[in-house]
Amino acid sequence: MRKGERAFFLSEYNDSIVYIQTSFEIFISDFVKKYYEINKLLDSEKIKDILDCGYKNIINDHLLKIIEKLNLEYKEEIINCVSKYKDDYYPMRNKIVHEGKSYKERDAEEFKEIVSNAVRLITYGMHKATNDSFVSYFTTYNILSEELDIESIKDKYTIP
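The C-terminal position of the sequence shown is numbered 167 in the numbering used here, with every residue numbered one higher than the one before it.
See the structure below:
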């Protein structure tokens, strides 16, 4: 994420989007992998198969279902945020890489914001979740800023 923020600061907006996308993909993949490993739900070969099946499949078939299963606080907002990212923002990375599309500052800012919001909502939800081995692992390595205005983030993804 830091490389993406640095690229944004240097007005390298496409690089910013690609770096931030990469960091979010790692965050999601690690979340899914550790959930299955720590809870001993799948063997390492099956986990590898899941992680190799494609990013959108990891989101749809695993991340969003895990969020539901964990019953995280603001789970609906998390799902809305991640779904909006997947549908509206993830394609930006592919357009950069495969079509050479160029994005402006506003685009990169919005991309950075939705990814940050998704990470913040998930992290907040995990810190409020019923403690188990996976929650304990996650909250040990993913800190939650006390200055975070989670209500304003949540409100962006609440569907009336």
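From the three backbone atoms N, C-alpha and C, an ideal C-beta is built for every residue, glycine too.
Treat the numbers as computed from the prediction; the structure is a model and nothing was measured.
Query: Ser51, DSSP secondary structure in three states; Result: helix
Query: Minimum C-alpha distance to Glu158 - residue among Lys111, Phe145, Tyr81; Result: Tyr81
Query: C-alpha distance - Tyr42 paired with Leu77, whole-angstrom precision; Result: 10 Å
Query: Same chain, Cβ closer than 6 Å to Ser36, five either side skipped, listed in chain order; Result: Leu58
Query: 7 Å CB neighbourhood of Lys24 in its chain, flanking five on each side removed; Result: Checking the sequence, you will find Ile at residue 24 rather than Lys. Met99, Arg100, Ile103, Tyr110, Ala115, Phe118.
Query: Integer-rounded CB distance, given that Phe141 should sit under 8 Å from Asn46; Result: 6 Å
Query: Residue environment, Phe15, which counts as buried when at least 16 other CB atoms sit within 10 Å; Result: buried
Query: Tyr30 to Ile54 span [Cα, whole Å]; Result: Reading off the sequence shown, one finds Ser at residue 30, where the question assumed Tyr. Ser30 and Ile54: Cα-Cα distance of roughly 20 Å.
Query: Sequence-distant residues of the same chain with beta carbon closer than 8 Å to Tyr144, five excluded per side; Result: Lys41, Ile45
Query: For Asp139, the three-state DSSP class (helix, strand or coil); Result: coil
Query: First and last residue of the uninterrupted alpha helix (DSSP H) at Ile73; Result: 71-77
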